[in-house]
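Just below is one structure, and these are the notes that go with it.
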Amino acid sequence: MYRVLGALLISLIICITLMPLLIRVLRRYGIGQYIREDGPSFHFAKEGTPTMGGALILISSILSFLLMQVSLEIGTGFGLVFVALALGMLGFADDLTKLRLSRSLGLKGKTKLFWQLAVSIALAYLATHYFGIDTKLYFFRSSNAFCDLGIWYYLLVFLMIVGTSNAVNLTDGLDGLASGAVALVMTAYILISYTQFRNHQFLYGHVRGSLDVAIFAGATMGSCIGFLWWNAPPARIFMGDTGSLALGGILASIAIFTKTELLLIILGGLFVIEAMSVILQVLFYKMTKRRIFRMAPLHHHFELAGWSEFTVLVRFWIVAGMFVGLGFIIFYINYIGGK
4 MYRVLGALLI SLIICITLMP LLIRVLRRYG IGQYIREDGP SFHFAKEGTP
54 TMGGALILIS SILSFLLMQV SLEIGTGFGL VFVALALGML GFADDLTKLR
104 LSRSLGLKGK TKLFWQLAVS IALAYLATHY FGIDTKLYFF RSSNAFCDLG
154 IWYYLLVFLM IVGTSNAVNL TDGLDGLASG AVALVMTAYI LISYTQFRNH
204 QFLYGHVRGS LDVAIFAGAT MGSCIGFLWW NAPPARIFMG DTGSLALGGI
254 LASIAIFTKT ELLLIILGGL FVIEAMSVIL QVLFYKMTKR RIFRMAPLHH
304 HFELAGWSEF TVLVRFWIVA GMFVGLGFII FYINYIGGK
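When you read off a place in the sequence shown, starting at 1, and then add 3, the result is the number in our numbering.
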């Protein structure tokens, strides 16, 4: 467990201490956030706030993991590094496009979808051929599988990568919301992966890399907390798509490596709600030309309803924490009971 705590502390210290330097560099080169024109009017005061702080989240997470990893063998930890870097680079390209075109929209949707597909295929292949991950689905990770997807497991991985990366990206519209919520989910995944390591490290193939997963989850949690120090309202820096796409991909990858694909829906319940609010808004408007919410994602709806930004933030953190607590209880009951 000391490796997990070490990775958490190292990434936390790196993020907290180096973020002011990154903020100064970004300000010097005029790398600032563009705000949606159809968003809440009081958000326009945030125009020009330095963005792409997610780059330091990735650097600190990966560096602390490499310092605390169990071995140099290519395994689940390096699979997480691959996904974080690949989607981080995609988000970086998206952020650069926004800056170059001076708008709040970056890469075309089809372009992002293509690269997310490529990452998901590579991840699914590595997981099933090299990391001991089977193609079965478990009821919140009990010992008995209820379905074997076979080749369709690739489709599940794709949906998870696209869904989580875009859901975290949509949630990242309020100071501190995405980073705080991801830190909460990572807390659960530290406990889940370490529980697997302690109880079943010689029983299931995927569990043999669970300690590395716990270390990476700890590193990511520390980075998110360190980033939150500077991202809390009023934010001095935003993570940008560089951070949100990568963090979403990390969540999906950890769920895959711990065989908790279905449980992620509960653990990341806040992200599911945020993404569903956008989907429902778009579908309902196309069918009726009317809106369900004042604005989507959902946090903007409550802002326009009169809630202060801080009130929305704290209440959404409470919701995220409730989902995380419920998810871990379900995991523990099913996992320990299924030994």
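Using N, Cα and C, we set each Cβ at its ideal position, and we do this for glycine too.
Keep in mind that this is a model prediction, so the values were computed, not measured.
Which stretch, first to last residue, makes up the beta strand (DSSP E) that contains PHE161?
Residue numbering aside, residue 161 sits at position 158 when the sequence shown is read from its first letter. That residue, PHE161, is in no beta strand (DSSP E); its alpha helix (DSSP H) goes 156-174.
Does the Cβ of ALA127 have 16 or more other Cβ atoms within 10 Å, making it buried, or fewer, making it exposed?
In the sequence shown, the residue the question calls residue 127 occupies position 124. By the neighbour-count rule (16 or more Cβ atoms within 10 Å), ALA127 is buried.
With DSSP run on the structure shown, which of helix, strand or coil describes PHE305?
Translated into positions along the sequence shown, residue 305 becomes position 302. Here PHE305 sits in helix by DSSP.
Near GLU277, what residues of its chain come up, given a Cβ to Cβ distance below 8 Å and the 5 sequence neighbours on each side ignored?
Residue numbering aside, residue 277 sits at position 274 when the sequence shown is read from its first letter. Contacts found: ALA170, LEU173, THR174, PRO300, LEU301 and HIS302.
Cα-Cα separation between THR261 and SER213, rounded to whole angstroms
Indexing the sequence shown from 1 puts residue 261 at position 258. Indexing the sequence shown from 1 puts residue 213 at position 210. For THR261 and SER213, the distance between alpha carbons rounds to 7 Å.
Exposed or buried, what is LYS115 when buried is set at 16 or more other beta-carbons lying within 10 Å of its beta-carbon?
Counted from its first residue, the sequence shown places residue 115 at position 112. Under this definition LYS115 is a buried residue.
Beta-carbon separation (whole angstroms), ASP178 vs PRO237, contact threshold 8 Å:
Working through the sequence shown from its first residue, we reach residue 178 at position 175. Working through the sequence shown from its first residue, we reach residue 237 at position 234. Right, their Cβ atoms sit about 7 Å apart.
For the beta strand (DSSP E) that contains ASP97, what are its first and last residues?
What you label residue 97 is simply residue 94 of the sequence shown in a count that begins at 1. Counting along the chain, ASP97 falls outside any beta strand (DSSP E), though it belongs to the alpha helix (DSSP H) covering 79-104.
In three-state terms, what does DSSP make of ASP151?
Start at 1 with the first residue of the sequence shown, and residue 151 comes out as number 148. Note: ASP151 maps to strand in three-state DSSP.
My assumption, with CB atoms under 8 Å, is that GLY229 sits in contact with SER63. Please give the rounded CB distance.
Residue numbering aside, residue 229 sits at position 226 when the sequence shown is read from its first letter. Residue numbering aside, residue 63 sits at position 60 when the sequence shown is read from its first letter. The pair is a contact, with the Cβ atoms about 7 Å apart (cut-off 8 Å).
Just confirm the distance between the C-beta atoms of ALA87 and ILE218, as a whole number of angstroms; I'd bet it's less than 8 Å.
Within the sequence shown, residue 87 is the residue found at index 84, counting from 1. Within the sequence shown, residue 218 is the residue found at index 215, counting from 1. Beta-carbon to beta-carbon, ALA87 and ILE218 are separated by about 13 Å, too far to satisfy the 8 Å threshold.
Could you pull the DSSP bridge partners for GLY35 from this structure?
As a first step, residue 35 is located in the sequence shown; it is residue number 32 there, counting from the start. Bridge partners of GLY35: PRO53.
If we ignore side chains and look at the alpha-carbon of each, how far apart do GLY251 and ARG293 end up?
Reading the sequence shown from its first residue, position 248 is the one you call residue 251. Reading the sequence shown from its first residue, position 290 is the one you call residue 293. Rounded to the nearest angstrom, the two C-alpha atoms are 30 Å apart.
Closest to LEU231 by C-alpha separation, out of LEU187, PHE326 and LYS111, would be which residue?
Translated into positions along the sequence shown, residue 231 becomes position 228. The candidate whose alpha carbon is nearest that of LEU231 is LEU187.
Checking 8 Å against the spacing of the C-beta atoms, do ILE269 and ILE333 come in under that value?
Numbered from its first residue, the sequence shown carries residue 269 at position 266. Numbered from its first residue, the sequence shown carries residue 333 at position 330. Yes; because the gap between Cβ atoms is below 8 Å, this pair is in contact.
Please name the residue or residues paired with LEU286 in a DSSP beta bridge.
To locate residue 286, count along the sequence shown from 1; it is residue 283. In the DSSP secondary-structure assignment, LEU286 is not bridged to any residue.
Look at the Cβ atom of ALA58, then the Cβ atom of PHE117, and state whether they are nearer than 8 Å.
Taking the sequence shown and counting its residues from 1, the one referred to as residue 58 is at position 55. Taking the sequence shown and counting its residues from 1, the one referred to as residue 117 is at position 114. No, the pair does not count as a contact, with Cβ atoms beyond the cut-off.
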